[in-house]
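Engineer:
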Amino acid sequence: MQQHVYAVILAAGKGTRMKSKKHKVLHPVCGKPMIDHIIGQLNRLAIEKTILVVGHQKEALKEHLSGQVDFVEQEEQLGTAHAVMQARSLLENEEGITLVLNGDHPLFTAETFQKLIEKHQETKAAATVLTAIMDDPSGYGRVVRREDGQVDRIVEHKDATDAERQIREVNTGTYCFDNQKLFSVLSLVNNDNAQGEYYLPDVLSILRDQGETIGAQEIGDQEEAMGVNDRIQLAEANRWMQQRLLKEHMRNGVTIVDPANTYIEADVKIGADTVIEPGSFLRGKTVIGEDCHIGPQADLTDVEVADGTNIRYAVLEDSRVGEEAKVGPYVLVRPKTELGNRTKVGCFIDLKKAKIGEGTKISHLAYVGDAEVGKKVNIGCGVITVNYDGVNKHQTVIEDDAFIGCNVNLVAPVTVEQGAYVAAGSTITDDVPEKALAIARERQTNKSGYADKIKSKRVEK
Numbered sequence: 023m024q025q026h027v028y029a030v031i032l033a034a035g036k037g038t039r040m041k042s043k044k045h046k047v048l049h050p051v052c053g054k055p056m057i058d059h060i061i062g063q064l065n066r067l068a069i070e071k072t073i074l075v076v077g078h079q080k081e082a083l084k085e086h087l088s089g090q091v092d093f094v095e096q097e098e099q100l101g102t103a104h105a106v107m108q109a110r111s112l113l114e115n116e117e118g119i120t121l122v123l124n125g126d127h128p129l130f131t132a133e134t135f136q137k138l139i140e141k142h143q144e145t146k147a148a149a150t151v152l153t154a155i156m157d158d159p160s161g162y163g164r165v166v167r168r169e170d171g172q173v174d175r176i177v178e179h180k181d182a183t184d185a186e187r188q189i190r191e192v193n194t195g196t197y198c199f200d201n202q203k204l205f206s207v208l209s210l211v212n213n214d215n216a217q218g219e220y221y222l223p224d225v226l227s228i229l230r231d232q233g234e235t236i237g238a239q240e241i242g243d244q245e246e247a248m249g250v251n252d253r254i255q256l257a258e259a260n261r262w263m264q265q266r267l268l269k270e271h272m273r274n275g276v277t278i279v280d281p282a283n284t285y286i287e288a289d290v291k292i293g294a295d296t297v298i299e300p301g302s303f304l305r306g307k308t309v310i311g312e313d314c315h316i317g318p319q320a321d322l323t324d325v326e327v328a329d330g331t332n333i334r335y336a337v338l339e340d341s342r343v344g345e346e347a348k349v350g351p352y353v354l355v356r357p358k359t360e361l362g363n364r365t366k367v368g369c370f371i372d373l374k375k376a377k378i379g380e381g382t383k384i385s386h387l388a389y390v391g392d393a394e395v396g397k398k399v400n401i402g403c404g405v406i407t408v409n410y411d412g413v414n415k416h417q418t419v420i421e422d423d424a425f426i427g428c429n430v431n432l433v434a435p436v437t438v439e440q441g442a443y444v445a446a447g448s449t450i451t452d453d454v455p456e457k458a459l460a461i462a463r464e465r466q467t468n469k470s471g472y473a474d475k476i477k478s479k480r481v482e483k
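Be aware that the sequence shown starts at 23, since it is given in my numbering, and climbs by one per residue.
Listed below in structure tokens is the structure:
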């Protein structure tokens, strides 16, 4: 019979070692708060109800996770057993399994949780603890087993004897409990220990003394059990998560030329046969299509990139790039910009809130902001859309097939109509009619022999 599964996440601690104004579990790992990683993995399971135990900075957590979990408050941080006790009103009458885990362990996977649940159900245990064999078990609670191999108890590091500290099997802080048995014994836990706290692992000893079975499920990857208590461990968690993400992309058909020098955040999606060159940063909700070439040195945040596009030495944010476009080198694409299919944006270009039509070329040294540019437009070197009058931003419109010569200033609001030409060096303040040529510059005057006169004056001096 399939049992209901509930989850209790412990996140009430102050996290003082982070030395941060931000709650510890809201610190990002590969671009996503660590609590979001945990809830994301739980959401892959058939969890009936997820409860978050909050205390320190509870309002920040409630705002961040509103509608995703139920909240209970631990006003005083008196230990992990005391924290779980706060969920009693929501769970004590429920039948099924309660999964208890920490909010600062972002590397656990849904597969690991599922194996723990399955082991708990197979053994019909009252409690099952998730354990790991650590190369360096310092700081972790040790799993003490009986001669027959069964779990006897868990001893916190500070309370462990020298012999117990030699044990390398540790408690990961993650458990499965028979829900009603858990809440029947929680009140029996005391705080007779070095920290003066009510430890959740003591529940295992109490259940064992009552004749209940205590199970254990060992994870194969010790890094998955890593908790984050300070900035050093946060960096380590980022490193391990990054390796996992990169391997997943490579398994899915993405070529990552140099994984050690590539950064890809957790929510990024990349299509098959795309190549990611070194020095690239792919962040946020970025989505890259198939057969693209990204980098070297491409920094993309919340960008949609269609198939077959090439982006190198460029920074793009909150923008969309069409199929078979070429972007870079040395391009800044700012938010709310759209580049159409087969556009070319070349060296030293700054685009902001601009819509660029299919086949348009902006090859070098230009600023196009607050602009709507049509299809097959050529924008020459040094073109500026003069969009700001000191108070308001104004729009420039360049229609299909227009040609904008070098060093042109387009003083917005202004429209260059379809097929029109603007001569190099012009400052355009009025609309340019369809297929017209606009020239707005002084006529050139050549003074014959003037250079010799200048030279002779220099000699006289």
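Cβ coordinates follow ideal geometry from the N, Cα and C atoms, glycine included.
(1) Which first and last residues belong to the alpha helix (DSSP H) in which GLY62 is found?
(2) How big is the Cα-Cα spacing for LYS291 and VAL325?
(3) Return the CA-CA distance between TYR352 and TYR389, expressed in angstroms with no decimal places.
(4) Taking only beta-carbon positions, decide if ARG168 is within less than 7 Å of chain D.
(5) My output table needs one value for ALA257: the three-state DSSP class, helix, strand or coil.
(6) At a cut-off of 6 Å, would you count GLY249 as near the ligand SAM, judging by its Cβ distance to the nearest heavy atom?
(7) Provide the residue span of the beta strand (DSSP E) that contains GLN239, from first to last.
(8) If you check the beta carbons only, do GLN63 and ALA132 fall under 7 Å apart?
(9) I believe ALA442 touches ALA460 by the beta-carbon criterion, under 8 Å. Please report the beta-carbon distance rounded to the nearest angstrom.
(10) Looking at VAL327 and SER341, is the spacing between their C-beta atoms short of 7 Å?
(11) In the DSSP assignment, find the unbroken alpha helix (DSSP H) run with ARG190 in it and report its ends.
(12) Which one or two residues does DSSP pair with LEU123 in a beta bridge?
(13) Given this structure, state the Cα-to-Cα distance separating THR194 from ASP243, to the nearest angstrom.
(14) By Cβ distance, which residues of its chain are closer than 8 Å to VAL94, with the 5 residues on each side in sequence left out?
(15) Any idea if LYS457 is buried or exposed, counting beta-carbon neighbours within 10 angstroms, 16 or more meaning buried?
(16) Identify whether PRO281 lies in helix, strand or coil by the three-state DSSP scheme.
(17) Can you find the residues in the same chain that come closer than 8 Å, C-beta to C-beta, to HIS386, ignoring five residues on each side of it along the sequence?
(18) What whole-angstrom Cβ distance do ALA288 and GLY53 have, given they're in contact under 8 Å?
(19) Nearest CA to the CA of ILE426: which residue from GLN25, THR284, GLN440?
(20) Given this structure, state the Cα-to-Cα distance separating HIS271 from THR277, to the nearest angstrom.
(21) If you count every other CB in all the chains shown that lies within 10 Å of the CB of GLN96, and 16 or more means buried, which is it?
(22) Let me know the secondary structure DSSP gives HIS49 once reduced to three states.
(23) Using the C-alpha atoms, what's the distance from ALA68 back to LEU222?
(24) For the structure I just gave you, are there three or more beta carbon pairs, one from the region 234-248 and one from the region 156-172, closer than 8 Å?
(25) Using C-beta distances below 7 Å, list every residue in its chain close to LYS377, excluding the 5 sequence neighbours before and after it, in chain order.
(26) Ordered along the chain, which non-local residues of its own chain (more than five positions away) have a Cβ less than 6 Å from that of ASN468?
(27) Who pairs with GLU326 in a beta bridge, going by DSSP?
(28) Quick check for students: name the residue ranges of the alpha helix (DSSP H) that lie wholly in the region 58-102, counting only runs of 4 or more.
(29) Just mark VAL413 as buried or exposed, buried being the case when its beta carbon has 16 or more other beta carbons within 10 Å.
(30) Check THR196 in the structure and name its three-state DSSP category.
(31) CB-CB under 6 Å to MET23, same chain, minus the five flanking residues each way: which ones, in chain order?
(32) How is the alpha helix (DSSP H) around SER111 delimited, first residue to last?
(33) Mapping DSSP to helix, strand and coil, what is MET23?
(34) ILE119 and VAL211 - do their beta-carbons sit closer together than 7 Å?
(35) In terms of residues, what are the limits of the beta strand (DSSP E) holding SER209?
(36) Could you compute how far the alpha carbon of GLY447 sits from the alpha carbon of LEU322?
Structural biologist: So, from the data block:
(1) Indexing the sequence shown from 1 puts residue 62 at position 40. That run of the alpha helix (DSSP H) goes 56-64.
(2) Walking along the sequence shown from the start, residue 291 turns up at place 269. Walking along the sequence shown from the start, residue 325 turns up at place 303. Taking the straight line joining both Cα atoms gives about 10 Å.
(3) For the purposes of this step, residue 352 is taken as residue 330 along the sequence shown, with counting starting at 1. For the purposes of this step, residue 389 is taken as residue 367 along the sequence shown, with counting starting at 1. Approximately 13 Å, taken between the alpha carbons.
(4) Among the chains of the structure shown, chain D does not appear; only one protein chain is present.
(5) Position 235 of the sequence shown, counted from the first residue, corresponds to residue 257. The answer is helix: DSSP assigns ALA257 an H, G or I state.
(6) As far as ligands go, the structure on display features none, and thus does not contain the ligand SAM.
(7) As a first step, residue 239 is located in the sequence shown; it is residue number 217 there, counting from the start. Per DSSP, GLN239 belongs to the beta strand (DSSP E) from 236-240.
(8) Your numbering for residue 63 matches position 41 in the sequence shown. Your numbering for residue 132 matches position 110 in the sequence shown. Closer than 7 Å, so yes.
(9) Here residue 442 corresponds to residue number 420 of the sequence shown, with the count starting at 1. Here residue 460 corresponds to residue number 438 of the sequence shown, with the count starting at 1. Right, the Cβ-Cβ distance comes to about 7 Å (below 8 Å), so this counts as a contact.
(10) Within the sequence shown, residue 341 is the residue found at index 319, counting from 1. Within the sequence shown, residue 327 is the residue found at index 305, counting from 1. No, these two residues do not count as a Cβ contact at 7 Å.
(11) Start at 1 with the first residue of the sequence shown, and residue 190 comes out as number 168. Counting along the chain, ARG190 falls outside any alpha helix (DSSP H), and DSSP gives it neither H nor E.
(12) Here residue 123 refers to the residue found at position 101 of the sequence shown. BP columns for LEU123 point to ILE31.
(13) For this step, residue 194 is matched to residue 172 along the sequence shown. For this step, residue 243 is matched to residue 221 along the sequence shown. Going by the C-alpha atoms only, they are around 12 Å apart.
(14) Start at 1 with the first residue of the sequence shown, and residue 94 comes out as number 72. If we look at VAL94 and ignore the five residues flanking it on each side, its Cβ neighbours are ILE73, LEU74, VAL75, VAL76, GLN108, ALA109, SER111, LEU112.
(15) The residue given as residue 457 occupies position 435 in the sequence shown. LYS457 should be labelled exposed.
(16) Along the sequence shown, read from residue 1 onward, the residue named residue 281 stands at position 259. PRO281: helix per DSSP, three-state reduction.
(17) For the purposes of this step, residue 386 is taken as the residue at position 364 of the sequence shown. Within its own chain, the residues whose Cβ lies closer than 8 Å to the Cβ of HIS386, once the five positions on either side in sequence are excluded, are GLY368, CYS369, PHE370, ILE371, CYS403, listed in chain order.
(18) By 1-based counting over the sequence shown, the position of residue 288 is 266. By 1-based counting over the sequence shown, the position of residue 53 is 31. Confirmed, about 6 Å.
(19) Numbered from 1 along the sequence shown, position 404 holds the residue referred to as residue 426. Here the closest residue by C-alpha is GLN440.
(20) Within the sequence shown, the letter at position 249 stands for residue 271. Within the sequence shown, the letter at position 255 stands for residue 277. Their backbone Cα atoms lie some 8 Å apart in a straight line.
(21) Residue mapping note: residue 96 aligns to position 74 of the sequence shown, counting from 1. With 16 or more Cβ atoms within 10 Å of its Cβ, GLN96 is classed as buried.
(22) The sequence position of residue 49 within the sequence shown is 27, counting from 1. DSSP places HIS49 in coil when its eight states are reduced to three.
(23) Taking the sequence shown and counting its residues from 1, the one referred to as residue 222 is at position 200. Taking the sequence shown and counting its residues from 1, the one referred to as residue 68 is at position 46. Looking at the two C-alpha atoms, the distance is approximately 24 Å.
(24) yes
(25) On the sequence shown, residue 377 is found 355 positions in, with the first residue counted as 1. The residues are GLU360, GLU394, VAL395.
(26) Here residue 468 corresponds to residue number 446 of the sequence shown, with the count starting at 1. No residues qualify anywhere along the chain.
(27) For the purposes of this step, residue 326 is identified with residue 304 of the sequence shown, where counting begins at 1. VAL309, ARG342, per the DSSP bridge assignment.
(28) 80-87
(29) Counted from its first residue, the sequence shown places residue 413 at position 391. So VAL413 ends up on the exposed side.
(30) For the purposes of this step, residue 196 is taken as residue 174 along the sequence shown, with counting starting at 1. In this structure, THR196 counts as strand in the three-state DSSP scheme.
(31) By 1-based counting over the sequence shown, the position of residue 23 is 1. Any reading at MET23 must be qualified, since the residue scores a pLDDT of 48, below 50, and its modelled position is unreliable; the value itself is stated next. Nothing meets the Cβ criterion.
(32) The residue labelled residue 111 in the question sits at position 89 within the sequence shown. Here the alpha helix (DSSP H) through SER111 covers 110-113.
(33) Here the question's residue 23 lines up with position 1 in the sequence shown. Per-residue confidence for MET23 stands at a pLDDT of 48, beneath the threshold of 50, marking its modelled position as unreliable; the derived number appears in the next sentence. Coil at MET23, not helix or strand.
(34) Walking along the sequence shown from the start, residue 211 turns up at place 189. Walking along the sequence shown from the start, residue 119 turns up at place 97. Between VAL211 and ILE119, the C-beta spacing is not below 7 Å.
(35) Working through the sequence shown from its first residue, we reach residue 209 at position 187. First-last for SER209: undefined, no H or E at that position.
(36) One-based indexing of the sequence shown puts residue 447 at position 425. One-based indexing of the sequence shown puts residue 322 at position 300. Rounded to whole angstroms, GLY447 to LEU322 spans 34 Å at the Cα level.
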